[in-house]
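Undergrad: Here the protein sequences come in this chain order: A and B. 178 is the number that this note's numbering gives the last residue of the first sequence; the numbers go up by one with no jumps. 356 is the number that this note's numbering gives the last residue of the second sequence; the numbers go up by one with no jumps.
Number of protein chains: 2
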Amino acid sequence: MMKELPLAKVYQFIEPGPVTLLTTQAQGAKPNVMTMSWHMMLEFEPPLIGCVVAQGNYSFAALHKTRECVIAVPPASLSKVVSGIGNCTGGDTDKFACFDLTPLPASHVAAPLIGEAIVNLECVVKDTKMVRTYNLFILECVKAWENPKLKDAPMLHHHGYGNFSVDGERIHVKSKMR
Amino acid sequence: MMKELPLAKVYQFIEPGPVTLLTTQAQGAKPNVMTMSWHMMLEFEPPLIGCVVAQGNYSFAALHKTRECVIAVPPASLSKVVSGIGNCTGGDTDKFACFDLTPLPASHVAAPLIGEAIVNLECVVKDTKMVRTYNLFILECVKAWENPKLKDAPMLHHHGYGNFSVDGERIHVKSKMR
Numbered sequence: 001m002m003k004e005l006p007l008a009k010v011y012q013f014i015e016p017g018p019v020t021l022l023t024t025q026a027q028g029a030k031p032n033v034m035t036m037s038w039h040m041m042l043e044f045e046p047p048l049i050g051c052v053v054a055q056g057n058y059s060f061a062a063l064h065k066t067r068e069c070v071i072a073v074p075p076a077s078l079s080k081v082v083s084g085i086g087n088c089t090g091g092d093t094d095k096f097a098c099f100d101l102t103p104l105p106a107s108h109v110a111a112p113l114i115g116e117a118i119v120n121l122e123c124v125v126k127d128t129k130m131v132r133t134y135n136l137f138i139l140e141c142v143k144a145w146e147n148p149k150l151k152d153a154p155m156l157h158h159h160g161y162g163n164f165s166v167d168g169e170r171i172h173v174k175s176k177m178r
Numbered sequence: 179m180m181k182e183l184p185l186a187k188v189y190q191f192i193e194p195g196p197v198t199l200l201t202t203q204a205q206g207a208k209p210n211v212m213t214m215s216w217h218m219m220l221e222f223e224p225p226l227i228g229c230v231v232a233q234g235n236y237s238f239a240a241l242h243k244t245r246e247c248v249i250a251v252p253p254a255s256l257s258k259v260v261s262g263i264g265n266c267t268g269g270d271t272d273k274f275a276c277f278d279l280t281p282l283p284a285s286h287v288a289a290p291l292i293g294e295a296i297v298n299l300e301c302v303v304k305d306t307k308m309v310r311t312y313n314l315f316i317l318e319c320v321k322a323w324e325n326p327k328l329k330d331a332p333m334l335h336h337h338g339y340g341n342f343s344v345d346g347e348r349i350h351v352k353s354k355m356r
């Protein structure tokens, strides 16, 4: 069961730069999911997230048209799924079925949450002005969920060509940083 | 000694989402450096990088005026330095001296490289249209350097409030992903 994550904490899961999964729900179609590593925080609260979804991605049309998506952060244990999703297209594959992911209903968007993810961020598209030039969407996270069973689960970070680092040691350095 | 890093490989050091250091060189002033975790790749080659530098950051004026900077990726061994730099201001601190960092001359920009970094990316500001709304600068990396002594050194990822994860295991999943 997912538990609500306060919006003020959303940045703590995007700022570390994990590989993410982006789900979309085109009308009359099955939900789709893509692997996404080009994203960043733009504001703490309400949480704004910039992300690149290229026109060549099958998810582009659904995201652009419905203006909704979910960003899910998968645990490192799903590395093969993450890579597999990044290597096929929703144009000919039902990825949720193919990779045995559990779609869960979201509360504010039609795109599904992913039951196996550490966190799920329900997002709406806030600004498309940079889509034409940079494939850059600005999203606002309107609702967030965390999976209590995966608290502090290591995330994946992509270094290119299927090379990932897995989160190792957690350290704390005394800080005034927000 | 830094070794040239092909521009086509720059994304491999930003896409994993590490904490970075951003150096700037305002005219007639000492070089400055800030800690930056809000950044993303926008294009492979020439490498385009989006990053947030807020008006409240002392580095903002230098970046905005000179339109040049260096993005350095520090190894995890520098966690205290990274945190320290994020907790003081160039307005009253000579951070290179204070944190014992080695400024090295860059080839295309006035801002210095950091001798202790894994990679240094010389960048010029390409687009400031999103600065007013999102504090978002679009940079183009024009020259890149890697430190052979720090090849595959673990990076830091910031989870908020001085909590970091350190890169652990490296894994490879067979992939067609670029």
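Where is the CB? At the ideal position from N, CA and C, for every residue including glycine. Treat the numbers as computed from the prediction; the structure is a model and nothing was measured.
1) Under 9 Å between beta-carbons, which chain B residues line up against residue 36/A? List them in chain order, please.
2) Answer with yes or no whether the minimum CB distance from residue 233/B to chain A is below 8 Å.
3) Is the segment 186 to 203 of chain B close to the segment 155 to 174 of chain A, with three or more CB pairs under 8 Å?
4) From 348/B, 346/B, 214/B, 265/B, pick the residue whose C-alpha is nearest to that of residue 125/B; which is it?
5) Mind listing the chain B neighbours of residue 158/A? Cutoff is C-beta to C-beta under 7 Å, in chain order.
6) Buried or exposed for residue 98/A, please, with buried defined as at least 16 other CB atoms from any protein chain shown within 10 angstroms of its CB.
7) When DSSP labels each residue in this structure, what does residue 230/A get in the three-state scheme?
8) Using a Cβ-Cβ cut-off of less than 8 Å, list which residues of the segment 139 to 167 of chain A approach chain B; keep chain order.
9) List, in chain order, every chain A residue whose beta-carbon is nearer than 9 Å to that of residue 312/B.
10) DSSP state of residue 72/A, grouped into three classes?
11) Mind checking if residue 169/A is an interface residue toward chain B, Cβ cutoff 8 Å exclusive?
12) Where does the unbroken alpha helix (DSSP H) through residue 311/B begin, and where does it stop?
13) Flag residue 208/B as yes if its beta-carbon sits less than 8 Å from any beta-carbon of chain A, otherwise no.
14) At 7 Å on the CB atoms, spell out the chain A contacts of residue 257/B, in chain order.
15) Can you pull the chain B residues whose beta carbon is under 8 Å from the beta carbon of residue 11/A, in chain order?
16) When the Cα of residue 226/B is compared with those of 46/A, 44/A, 39/A, 173/A, which residue comes out closest?
17) From the beta carbon of residue 108/A, is the nearest beta carbon of chain E less than 8 Å away?
18) What does residue 64/A touch in chain B if you count any residue whose Cβ is under 8 Å from its own?
19) Could you tell me how far apart the beta carbons of residue 318/B and residue 184/B are, in whole angstroms, since I believe they sit closer than 8 Å?
20) Considering residue 60/A, what are the terminal residues of the alpha helix (DSSP H) in which it resides?
21) If you compare alpha carbons, which of 76/A, 170/A, 33/A is closest to residue 102/A?
22) Closer than 7 Å by beta-carbon distance: list the chain B residues that pair up with residue 130/A, in chain order.
TA: Walking through what the data contain:
1) Along the first sequence, one-based indexing puts residue 36/A at 36. The contacting residues do not exist; residue 36/A stays about 10 Å from chain B at best.
2) The residue given as residue 233/B occupies position 55 in the second sequence. When Cβ-Cβ separations below 8 Å define contact, residue 233/B makes no contact with chain A.
3) The segment 186 to 203 of chain B is in contact with the segment 155 to 174 of chain A.
4) Nothing about residue 125/B can be read from this structure; chain B reaches only from 179 to 356.
5) Indexing the first sequence from 1 puts residue 158/A at position 158. What residue 158/A touches in chain B: 193, 194.
6) Translated into the one-based positions of the first sequence, residue 98/A becomes position 98. Exposed: under 16 other Cβ atoms inside 10 Å.
7) Since the first residue shown for chain A is 1 and the last is 178, residue 230/A is missing from the structure and cannot be characterised.
8) Listed by position, the residues of the segment 139 to 167 of chain A near chain B (Cβ gap below 8 Å) are 154, 155, 157, 158, 159, 160, 161, 162, 163, 164, 165, 166, 167.
9) Counting from 1 along the second sequence, the entry for residue 312/B is found at position 134. The contact set of residue 312/B on chain A, defined by CB atoms closer than 9 Å, consists of 42, 43, 48, 50, 127, 138 in chain order.
10) Position 72 of the first sequence, counting from 1, holds the residue named residue 72/A. In this structure, residue 72/A counts as strand in the three-state DSSP scheme.
11) Working through the first sequence from its first residue, we reach residue 169/A at position 169. Chain B contact via Cβ: present.
12) Along the second sequence, read from residue 1 onward, the residue named residue 311/B stands at position 133. Where residue 311/B is concerned, the enclosing alpha helix (DSSP H) stretches over 309 to 312.
13) Along the second sequence, read from residue 1 onward, the residue named residue 208/B stands at position 30. Under the Cβ criterion of 8 Å, residue 208/B is not counted among the residues facing chain A.
14) Sequence index remark: in the second sequence, residue 257/B carries index 79 (1-based). Under a criterion of Cβ atoms nearer than 7 Å, the residues of chain A adjacent to residue 257/B are, in order, 171, 173.
15) Position 11 of the first sequence holds residue 11/A. For residue 11/A, the C-beta contacts it makes with chain B under 8 Å involve 338, in order along the chain.
16) Locating residue 226/B in the second sequence gives position 48, counting from the first residue. The residue with the shortest Cα to Cα distance from residue 226/B is 39/A.
17) This model lacks chain E altogether; the protein chains it does include are A and B.
18) Along the first sequence, read from residue 1 onward, the residue named residue 64/A stands at position 64. Near residue 64/A there are no residues of chain B at all, since even the closest Cβ is about 18 Å away, more than 8 Å.
19) Position 140 of the second sequence, counted from the start, is the residue given in the question as residue 318/B. Position 6 of the second sequence, counted from the start, is the residue given in the question as residue 184/B. The Cβ separation is near 15 Å, so there is no contact.
20) As a first step, residue 60/A must be located in the first sequence, where it is residue number 60. Looking at the DSSP string, the run of the alpha helix (DSSP H) that includes residue 60/A is 59 to 66.
21) Here residue 102/A is taken as the residue at index 102 of the first sequence, counted from 1. Closest in C-alpha terms to residue 102/A, from the list 76/A, 170/A, 33/A, comes 33/A.
22) The residue given as residue 130/A occupies position 130 in the first sequence. Going along chain B in sequence order, the residues near residue 130/A (Cβ under 7 Å) are 308.
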